[in-house]
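Residue numbers for the first sequence follow this note's numbering, beginning at 252 and rising by one. All C-beta atoms, glycine included, are put in the ideal place defined by N, C-alpha and C. Predicted model, so just to flag it, every value in this text is computed and none were measured. Report on the following structure.
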Amino acid sequence: MAIKLYDSLTRELRELHPAQPAGVFTFYNCGPTVYAPAHIGNFRTFVVNDVLRRLLELEFGAANVKHVRNLTDVDDKTIKRARDEGRSLTEVTKRWTDKFHADCAALNCLPPHEEPRAADPKHLREQVNMIECLLDKGNAYRTADGSVYFKVSSFPGYGRLSRVKERELQPGAALKTLAADADEKEDGSDFALWKAWKPDDGPNKWPGPKGAAEGRPGWHIECSAMSKSILGATIDLHSGGVDLLFPHHENEIAQSECCNGTTFARHWYHSEHLLVDGKKMSKSLGNLYTLDDLATKGFSPMAVRYALLSGHPRKQLNFTLDSLHAAESALHTLRAYRATLPDAGVTHDVFAPVLAALQEDLNTPAALGALFTIVNRKDGQADTASFDRILLALGLVLAPNPRRISAPAEIQAIADRRWAAKLAKDFATADALRKELAAGGWSMLDRKDGFSLEPAKK
RNA sequence: GGCGCGGUAGCCAAGUGGUAAGGCCGAGGUCUGCAAAACCUCUAUGCGUCGGUUCAAUUCCGACCCGCGCCUCCA
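Okay, here's the thing in structure tokens:
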């Protein structure tokens with residue numbers, strides 16, 4: 252069964268296939284800028300793309316999917332961060348790259364097959380080459396300060412993805428743009444391919460394209476150059492968050508297609524934003540969460556993953572702390588269900604409807620709904636092997652008991668005394684000690700042969 | 001102002017031209033000395049508002065109201 256996925260360019264559901272029948276399916280996903288910890292909105296995109304990656308591997312075979320996700324490690328924000336902290340650019344980007352990798356691992360996102368960095372010397376050369384290609388073909392021009400801009404009017408296809416020609420700039424936005432760039436650009440919609448060095452950039456500069464000054468690449472060129480280098484001039488699928496649709500992806504198309512003379516991406520996919528308490532996350536609203544923020548509140552990364560999958564990827568998803576509680580409970584239900592399953596023996600796959608929901612435009616909430624429908628049926632048709640297969644497709648890991656932590660000695664002592672009282676059938680004492688434990692923030696779970704302690708639920 | 005998305009039970013959230021998946025929470029029950037867990041049952045005559053098309057609309061069309069996002073370097 253084929254995967255159907257919405258294509259942002261044609262605005263319809265289209266089946267995913269590699270360009271060459273039985274060839275490798277090439278998948279490029281725009282990655283993070285590594286200057287700070289990624290927030291859960293960023294991770295919504297990466298988790299959604301991770302499910303897509305897993306689905307592609309099921310469809311075409313793991314060996315026939317090549318997944319690339321870049322790291323933006325040179326831009327205004329990374330350079331500013333390095334300057335503010337008095338560190339080198341690589342120190343800063345290395346630190347946040349490591350953090351990003353740790354967070355991805357916690358969320359059980361598969362690492363991409365390649366993860367190119369914009370500031371990698373090899374890739375910097377490729378970016379410079381592409382800029383020179385665009386200069387040669389007349390799609391770009393140099394300015395007096397040694398920067399290079401893409402000439403939007405030279406590419407008739409510009410705006411096809413975002414339909415930008417139908418847009419009208421808001422007066423305020425237009426004025427702001429003019430103030431910032433009027434001195435250099437020929438046209439307000441032209442964008443930077445190469446930015447000449449400025450004192451604020453500190454030591455961060457590289458040899459530019461011919462005829463241009465030392466400096467650094469513009470943001471968009473990295474994806475065009477690196478995807479070409481690793482995946483070829485035409486890629487099968489390109490994805491990212493909706494906010495990248497314009498101008499980032501529009502600009503990538505312009506650069507790549509003008510230089511390469513061929514289709515850049517055969518299929519475009521954009522996941523919608525995560526909202527927190529009904530609003531876009533922002534520092535000023537105080538609703539921006541990182542994985543660590545949520546861990547501090549006692550939520551597991553797997554609950555975050557589940558919550559991020561609980562809404563359709565192409566719809567804004569309202570993320571709340573309540574939705575995380577719901578996710579923890581849902582995962583617990585799945586964990587308990589798994590314990591009831593036989594190890595193997597079932598030949599047909601009862602969980603096929605879950606996969607079918609994913610194949611129909613990556614409908615993760617419908618998939619989770621289908622999963623629970625089957626779980627609730629308890630018809631004896633499932634086994635752990637089939638259940639684990641579907642969990643693997645969703646990337647869900649049911650940790651044995653993620654919340655259990657060992658109790659302090661004094662709590663243990665009280666618990667021991669209560670257990671003894673219970674065995675002696677001194678229930679008055681036992682109940683009093685249970686209250687004492689509760690007052691200390693712990694609850695005691697009795698079993699036939701002993702007990703365990705858990706932090707009391709809030 | 002332009003472009004786009006959405007408004008479904010207390011919360012989150014699928015979905016369909018023929019009468020509403022699922023999760024969470026909540027309620028009742030079984031079982032446990034109690035508690036927890038587990039299991040069972042229940043929880044929208046209704047899908048923003050008003051019109052229209054239709055035998056039939058939450059689902060199609062129109063208008064309106066409300067919310068959200070983007071509009072040059074934010075996933």
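With distances taken Cα to Cα, identify the nearest neighbour of Ala713 among Leu361, Arg393, Leu340, Thr615.
In the structure as shown, the chain starts at 252 and stops at 709, and residue 713 therefore has no counterpart that could be examined.
Using 10 angstroms around the beta-carbon of Pro552, count the other beta-carbons present and answer buried if the total reaches 16, otherwise exposed.
Buried, by the Cβ-count rule.
Kindly confirm or deny that the segment 261-280 and the segment 486-497 touch, where touching means at least three C-beta pairs closer than 8 Å.
Three or more Cβ pairs drawn from the segment 261-280 and the segment 486-497 lie within less than 8 Å of each other, which places the two stretches in contact.
With a CB to CB cut of under 8 Å and the five nearest residues on each side skipped, what residues in its chain are close to Ala595?
Asp634, Thr635, Ala636
Report the residue ranges of all beta strand (DSSP E) runs contained in full by the segment 445-498; include only those spanning at least 3 residues, in chain order.
466-468, 488-492
Please return the same chain residues whose Cβ sits closer than 8 Å to the Cβ of Lys402, not counting the five positions on each side in sequence.
Gly389, Asn390, Ala391, Tyr392, Glu437, Asp438, Asp441
Check whether the Cβ atoms of Lys255 and Gln610 sit closer than 8 Å, and answer yes or no.
yes
In terms of residue numbering, what span does the alpha helix (DSSP H) encompassing Ala672 cover?
660-674
Taking Pro450 as the reference, give the member of Trp347, Leu536, Arg334 with the closest Cα.
Of all alpha-carbon atoms in Trp347, Leu536, Arg334, the one lying nearest the alpha-carbon of Pro450 is that of Arg334.
Going by alpha carbons, who is nearest to Val319 out of Glu473, Ala443, Cys384, Asn293?
Glu473
Would you tell me roughly how many angstroms separate the C-alpha atoms of Ala505 and Gly408, rounded to the nearest one?
Roughly 7 Å separates the two Cα atoms.
So, helix, strand or coil for Ala603, using DSSP?
helix
The alpha helix (DSSP H) that contains Lys255, what's its start and end?
No alpha helix (DSSP H) holds Lys255; the beta strand (DSSP E) holding it covers 255-258.
Candidates Ala618, His521, Val648: which alpha carbon is nearest Glu263's?
His521
What are the complete beta strand (DSSP E) segments, minimum 3 residues, inside the segment 270-298?
List check, beta strand (DSSP E) in window: 276-280.
Going by C-alpha to C-alpha distance, which of Ala578, Leu482, Tyr400 sits closest to Val648?
Closest by alpha carbon: Ala578.
What's the gap between the Cα of Leu495 and the Cα of Gly274?
28 Å
In the DSSP assignment, what residue or residues form a beta bridge with Glu503?
Partner(s): none; Glu503 has no beta bridge.
On the DSSP letters alone, give me the boundaries of the alpha helix (DSSP H) that Val379 sits inside.
372-387
Within 10 angstroms of the Cβ of Pro706, are there 16 or more other Cβ atoms? Answer buried if so, exposed if not.
Exposed, since its Cβ has fewer than 16 Cβ neighbours within 10 Å.
Along the beta strand (DSSP E) that carries Lys317, what are the first and last residues, could you check?
316-320
My understanding is that Cys360 touches Asp301, with C-beta atoms under 8 Å, so please give their C-beta distance in whole angstroms.
4 Å
Can you look up Val399 in the DSSP assignment and give me helix, strand or coil?
strand
Quick check on Ala707: does DSSP put it in helix, strand or coil?
coil
What is the rounded straight-line gap between the Cα of Val555 and the Cα of Gly549?
The alpha-carbon atoms of Val555 and Gly549 are separated by roughly 11 Å.
Do Pro468 and Leu375 have their C-beta atoms closer together than 8 Å?
yes
Going by C-alpha to C-alpha distance, which of Glu508, Arg338, Ala608, Asp354 sits closest to Asn198?
No statement about residue 198 is possible, as the shown extent of the chain runs from 252 to 709 and does not include it.
Buried or exposed: where does Asp326 fall if 16 or more other Cβ atoms within 10 Å of its Cβ makes it buried?
buried
So who's on the other strand from Arg414, going by DSSP bridges?
Arg414 pairs with nothing; no bridge assigned.
On the CB-based measure, 16 or more other CB atoms within 10 Å of its CB, does Asn718 come out buried or exposed?
A query on residue 718 cannot be resolved here, the shown segment of the chain reaching from 252 to 709 and no further.
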